[in-house]
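First the structure, in the form of structure tokens, and then the observations on it.
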Amino acid sequence: MKILFISESFPFPPDSGSKARIWYFIQGLAKSHEVFLLTFDGGATPEFIEQVEKYCEVYLCRTPAPLNPPTKLLNFFSFTPLGVWRRKSKEFSAAVRKVVEEQSIDCIFVVEIWMAQYAFDLPVYRVIDKHNIEFVRAERRLNVLANAAYWKEFL
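In this text, residue positions in the sequence shown follow the working numbering: the first is 495, and each later residue adds one.
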């Protein structure tokens, strides 16, 4: 099976919980599958890339620029979590589609909720790793915004 990991963090060195989780998933799956990694370039030095390429093919995209204050304020009125807006990248979206098509990817492994935006509408299996509280926080915000009865209590 061909598996594409999409992550906002480069997994090497595995010096945090999220990075270690990605790193060991890649190492384990590479034993019996063809693994690819698409991530933002923050923290990816040539030495680190070389270590990861022992297990998978690496694709890097530029890390999105920080959002300006007016954009953050605008997000307050959106159903889309700020974390998704912060990681929005046309370059990354195009790269996901290109890798899926060119490498005939069978499954996309999405590491963070914010990166799930890149796995929609693709003809492959999708796995979303819910490894921290951010999933719960995003779901709560969506439920609160969508529930009009909740707002009536405060109006």
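Glycine is no exception: its CB is placed at the ideal position from the N, C-alpha and C atoms.
Backbone secondary structure at residue i - three-state DSSP
{"i": "tyrosine 518", "result": "helix"}
{"i": "isoleucine 607", "result": "helix"}
{"i": "serine 501", "result": "strand"}
With 16 other Cβ atoms within 10 Å as the buried cut-off, status of residue i
{"i": "threonine 533", "result": "buried"}
{"i": "proline 505", "result": "buried"}
{"i": "leucine 531", "result": "buried"}
{"i": "glutamate 468", "result": "The requested residue 468 does not occur in the structure, where the chain is confined to residues 495 to 649."}
{"i": "leucine 498", "result": "buried"}
{"i": "serine 501", "result": "buried"}
{"i": "phenylalanine 586", "result": "buried"}
{"i": "alanine 538", "result": "buried"}
First through last residue of the beta strand (DSSP E) which encompasses residue i
{"i": "glutamate 551", "result": "551 to 555"}
Distance, residue j Cα to residue i Cα
{"i": "methionine 609", "j": "lysine 584", "result": "13 Å"}
{"i": "tyrosine 553", "j": "threonine 574", "result": "26 Å"}
{"i": "arginine 591", "j": "leucine 616", "result": "8 Å"}
{"i": "arginine 580", "j": "methionine 495", "result": "31 Å"}
{"i": "tyrosine 549", "j": "phenylalanine 571", "result": "42 Å"}
{"i": "glutamine 545", "j": "lysine 513", "result": "14 Å"}
{"i": "glycine 577", "j": "valine 529", "result": "26 Å"}
{"i": "isoleucine 622", "j": "phenylalanine 603", "result": "6 Å"}
{"i": "proline 563", "j": "lysine 525", "result": "45 Å"}
{"i": "phenylalanine 542", "j": "glutamine 521", "result": "14 Å"}
{"i": "serine 503", "j": "alanine 559", "result": "15 Å"}
{"i": "asparagine 569", "j": "leucine 561", "result": "10 Å"}
Start-to-end residues for the alpha helix (DSSP H) that takes in residue i
{"i": "lysine 592", "result": "584 to 596"}
{"i": "arginine 620", "result": "Here arginine 620 belongs to no alpha helix (DSSP H); instead the beta strand (DSSP E) covers 619 to 622."}
{"i": "asparagine 562", "result": "No alpha helix (DSSP H) contains asparagine 562, which DSSP labels as neither H nor E."}
{"i": "leucine 576", "result": "576 to 580"}
Chain D within 8 Å of residue i, Cβ atoms only
{"i": "glutamate 596", "result": "Protein chains in the displayed structure number just one, and chain D is not present."}
### Task
Can you check the segment 526 to 552 for any alpha helix (DSSP H) of at least 4 residues that lies completely inside it and give the ranges in chain order?
Within the segment 526 to 552, the alpha helix (DSSP H) runs of at least 4 residues that lie entirely inside it are, in chain order, 540 to 546.
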